[in-house]
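In terms of my numbering, the sequence shown is residues 213 to 435. Below: one structure, written as structure tokens.
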Amino acid sequence: MAAYVTQNRVEMFSRPNDKFPNWESQEVSTGTTIMAVEFDDGVVIGADSRTTTGAYIANRVTDKLTPIHDRIFCCRSGSAADTQAVADAVSYQLGFHSIELDEPPLVQTAANLFKQMCYRYREELMAGIIVAGWDKRRGGQVYTVPMGGMLVRQPVSVGGSGSSYIYGFIDSNYRSGMSKEECLRFTAEGGYGSKCEARHHLTFAATGPNGSVLEFLLSVNTD
Numbered sequence: 213m214a215a216y217v218t219q220n221r222v223e224m225f226s227r228p229n230d231k232f233p234n235w236e237s238q239e240v241s242t243g244t245t246i247m248a249v250e251f252d253d254g255v256v257i258g259a260d261s262r263t264t265t266g267a268y269i270a271n272r273v274t275d276k277l278t279p280i281h282d283r284i285f286c287c288r289s290g291s292a293a294d295t296q297a298v299a300d301a302v303s304y305q306l307g308f309h310s311i312e313l314d315e316p317p318l319v320q321t322a323a324n325l326f327k328q329m330c331y332r333y334r335e336e337l338m339a340g341i342i343v344a345g346w347d348k349r350r351g352g353q354v355y356t357v358p359m360g361g362m363l364v365r366q367p368v369s370v371g372g373s374g375s376s377y378i379y380g381f382i383d384s385n386y387r388s389g390m391s392k393e394e395c396l397r398f399t400a401e402g403g404y405g406s407k408c409e410a411r412h413h414l415t416f417a418a419t420g421p422n423g424s425v426l427e428f429l430l431s432v433n434t435d
């Protein structure tokens, strides 16, 4: 009898219905707007900080900007578990590559490592990545690696489920030759415009030839 009741409860919770929330069986997703912009001496990257499990907000202060090396970051969208695993693997490989070269790695090398992993496991992974950073050969660079493993360099890139709301803003307001301060403002306005909830957080980072990395949290209240 006990086994029968237990089996009934398992079936009741496992099948879709209106009485029980679907987030109990949903994968944790970043539910994201990520963005990266090149400027003359480096790059600026930004992201919202909310992760979701179905319709349930699992975390409002997640850091989706992951350092891969001293002057290289990635912005993560898609499955939180998948993107964290890929970022950890690339960071590990890039560290060994840097030791072999006895110098900092190229941003393009990091982007190619992301591309290879995302393409190889394209059937299993749900990961959209923006790789951004600075190196002495090509300066500030932004590379987009969408789901499926394509790789393309762009002066400005947006990704994640929230990016569809700000393509018009990007087309209207982006211009080449912006300063770091202008890129920070541009990224903040884009991230702010992609979110509709009353209160949310945005994280930013900037890196360039001097090796300094500025990272901060902006809390936005629209009440």
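Each residue gets a CB set at the ideal place from its N, CA and C atoms; glycine is no exception.
Alpha-carbon to alpha-carbon, Gly-371 and Asp-378: In the sequence shown, counting from the first residue as 1, residue 378 sits at position 166. In the sequence shown, counting from the first residue as 1, residue 371 sits at position 159. Residue 378 is actually Ile in this sequence, not Asp. Computed Cα separation, rounded: 10 angstroms.
Span separating the alpha-carbon of Leu-396 from that of Leu-414: For the purposes of this step, residue 396 is taken as residue 184 along the sequence shown, with counting starting at 1. For the purposes of this step, residue 414 is taken as residue 202 along the sequence shown, with counting starting at 1. Using only the alpha carbons, I get a separation of about 11 angstroms.
DSSP-derived helix/strand/coil call for Ser-391: Start at 1 with the first residue of the sequence shown, and residue 391 comes out as number 179. Reduced to three states, the DSSP call for Ser-391 is coil.
Residues that DSSP places opposite Ser-369 in a beta bridge: Stepping through the sequence shown from its first residue, residue 369 is reached at position 157. The partner list for Ser-369 (beta bridge, DSSP) reads Ala-248.
Given 8 angstroms, three or more beta-carbon pairs between the segment 312-319 and the segment 341-357: yes
Three-way DSSP call (helix, strand, coil) for Asp-314 in this model: Along the sequence shown, read from residue 1 onward, the residue named residue 314 stands at position 102. Of the three classes helix, strand and coil, the one that applies to Asp-314 here is coil, per DSSP.
Anticipated Cβ contact below 8 angstroms, Ala-344 with Ala-248, distance rounded: Taking the sequence shown and counting its residues from 1, one reaches residue 344 at position 132. Taking the sequence shown and counting its residues from 1, one reaches residue 248 at position 36. That belief holds up - the Cβ atoms of Ala-344 and Ala-248 are roughly 4 angstroms apart, short of 8 angstroms.
Cβ contact (3+ pairs, closer than 8 angstroms) linking the segment 360-371 and the segment 298-310: no
Straight-line gap, His-281 to Ala-322 (C-alpha atoms, nearest Å): Within the sequence shown, the letter at position 69 stands for residue 281. Within the sequence shown, the letter at position 110 stands for residue 322. Cα to Cα, the separation comes out at about 9 angstroms.
Enclosing beta strand (DSSP E) for Val-256 [first to last residue]: Here residue 256 corresponds to residue number 44 of the sequence shown, with the count starting at 1. Element bounds for Val-256: 254-260.
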